[in-house]
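In my numbering, the protein residues as written are 2 to 332. We put the beta carbon where it would ideally sit given N, CA and C, even for glycine.
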Ligand code: CP
Ligand code: NVA
């Protein structure tokens, strides 16, 4: 049956079948080729979208803005300081009001329940632009990037996520690999293994049983052998900055280095990162922490700038994939 996602919210990849995810990836490839050919689109002509951000963003915000404008939609951006949401007006009322004005709503914040409640009350598609436990639009961009740079079907690809294995990216990857029948290893400190949400792992493994995927958690370097993709993320996610000293203690052995790339045994392994990344000391945060005695780099500059690194193709793909989600779901 033909895939039709009109009117659907995009809250987590767990809500989508492998065929539906395949459809979004194919649409992303098409929209990317269209933009590369310089063809101006009108697929979202007459639509308006609102972007709600309770956390900061560069890529996700700009991907929604450019993606919408490329296809003719109007865009409003609201951060937590400039709207009434949650302070003078309940989430339910806010969702009902915005649903009257807009054809789609993006939300980035903390609790997954907020994005679920927005979707419950808005009456229009709601898109998850990152919560504490998921980042589904990022995974779509990552899968597109893998298809462009790894000469294998997704179901033969092994992804290793290194570092804070209980963060939103680690969980989003478990879901993405489970759905697409891929091999996934969360490679991080043994002391973190117990903190990985057992419900997330159980749900991913239940899907994996149907798709042929594998979902593994390991602190053994042997587990990264044969990786096609080495993926990492910052060690302290947004809102967790006070935990930096503890994270540096725990995660320094898991910094992505040339030696770690070599340990995969795959000379064509690619390095991906959702970004932003600390790979040098050219940011106020990395420099400030260094002055306090903490080296917060989750990846070396050598790896970040190596031939293995596809991080800027990946960043560009946020725009093509988020555009595909809007085009596919807005009625
Ligand atoms: N990868 C990502 O979500 O980037 P931003 O935080 O800049 O949106
Ligand atoms: N884990 C990171 C992802 C940023 C895109 C965070 O939540 O800050």
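- Message: Comparing C-alpha positions only, which one of 311, 212 and 89 sits nearest to residue 155?
- Response: 212
- Message: What I want to know is whether the C-beta of residue 238 ends up closer than 7 angstroms to one or more non-hydrogen atoms of the ligand NVA.
- Response: yes
- Message: Among the candidates 193, 190, 217 and 22, whose CA atom is the shortest distance from the CA of residue 203?
- Response: 217
- What do you reckon, are the CB atoms on residue 186 and residue 224 nearer than 8 angstroms? Yes, they are a contact pair.
- Message: Taking 7 angstroms as the cut-off, is the C-beta of residue 140 nearer than that to any heavy atom in the ligand NVA?
- Response: no
- State buried or exposed for residue 182, treating a residue as buried only when at least 16 other CB atoms are found within 10 Å of its CB. buried
- Task: Examine the Cβ distances between the stretch 124 to 135 and the stretch 98 to 112 and report whether three or more of them are shorter than 8 angstroms.
- Result: Touching, yes.
- Query: Does the beta-carbon distance from residue 253 to residue 8 come in below 8 angstroms?
  - Reply: Taking a C-beta distance under 8 angstroms as the contact criterion, residue 253 and residue 8 do not qualify as a contact pair.
- Where does residue 122 fall in DSSP's three states? Correct three-state label for residue 122: helix.
- With a 10 Å radius around its C-beta and 16 neighbouring C-beta atoms as the bar for buried, classify residue 313 as buried or exposed. Residue 313 counts as exposed, since fewer than 16 other beta carbons sit within 10 angstroms of its beta carbon.
- Flag this pair as yes or no: are the beta carbons of residue 262 and residue 270 separated by less than 8 angstroms? yes
- For the stretch 320 to 330 against the stretch 273 to 291, are there 3 or more C-beta pairs whose distance is under 8 angstroms? no
- Message: Judging by CA-CA distance, which residue of 215, 157, 160 and 145 is the nearest neighbour of residue 179?
- Response: 215
- the stretch 21 to 33 / the stretch 301 to 310 touching (three or more Cβ pairs under 8 angstroms): no
- Message: Run through the DSSP bridge pairs and tell me what residue 218 is partnered with.
- Response: 187
- Query: At what residues does the beta strand (DSSP E) containing residue 1 begin and finish?
  - Reply: With the chain covering only 2 through 332, there is no way to say anything about residue 1.
- Task: Following the continuous beta strand (DSSP E) through residue 51, name the residue where it begins and the one where it ends.
- Result: 49 to 54
- Query: With 16 as the cutoff for other CB atoms within 10 Å, does residue 1 come out buried or exposed?
  - Reply: In the structure as shown, the chain begins at 2 and stops at 332. Residue 1 is therefore absent and cannot be evaluated.
- Message: Let me make sure I understand the geometry here. Which of 18, 149, 13 and 171 has the alpha-carbon closest to that of residue 117?
- Response: 13
- Query: Looking at the unbroken alpha helix (DSSP H) that takes in residue 92, where does it start and where does it end?
  - Reply: Note, residue 92: alpha helix (DSSP H), 92 to 102.
- Task: Give me the Cα-Cα distance between residue 15 and residue 21, rounded to the nearest whole angstrom.
- Result: 11 angstroms
- Query: Heavy atom of the ligand CP less than 7 angstroms from the Cβ of residue 29, yes or no?
  - Reply: no
- Query: Quick one: what's got a C-beta closer than 6 angstroms to residue 53's C-beta in the same chain, skipping five residues either side?
  - Reply: 79 and 108
- Message: Let me check one thing: in DSSP terms, what residues is residue 132 bridge-paired to?
- Response: 135
- Task: Kindly say whether residue 45, judged by its beta-carbon, lies nearer than 8 angstroms to any beta-carbon of chain C.
- Result: In the structure shown, chain C does not exist; there is a single protein chain.
- Query: Between which two residues does the alpha helix (DSSP H) carrying residue 107 extend?
  - Reply: Looking at the DSSP string, residue 107 is not in any alpha helix (DSSP H); the run it does join, the beta strand (DSSP E), is 105 to 109.
- Message: Going by beta-carbon coordinates alone, are residue 193 and residue 167 separated by less than 8 angstroms?
- Response: Cβ atoms of residue 193 and residue 167: closer than 8 angstroms.
- Task: With DSSP collapsed to three states, give me the class of residue 75.
- Result: strand
- Message: Assuming contact is defined by CB atoms lying nearer than 8 angstroms, are residue 220 and residue 191 in contact in what I supplied?
- Response: yes
- Query: Per DSSP, which one or two residues make a beta bridge with residue 159?
  - Reply: 184
- What are the boundary residues of the beta strand (DSSP E) that includes residue 231? 230 to 233
- Quickly, what does DSSP pair residue 251 with across the bridge? List them, please. Per DSSP, none; premise fails for residue 251.
- Can the beta-carbon of residue 72 be found less than 8 angstroms from the beta-carbon of residue 43? yes
- Task: Using a threshold of 8 angstroms, state whether the C-beta atoms of residue 132 and residue 111 are closer than that.
- Result: yes
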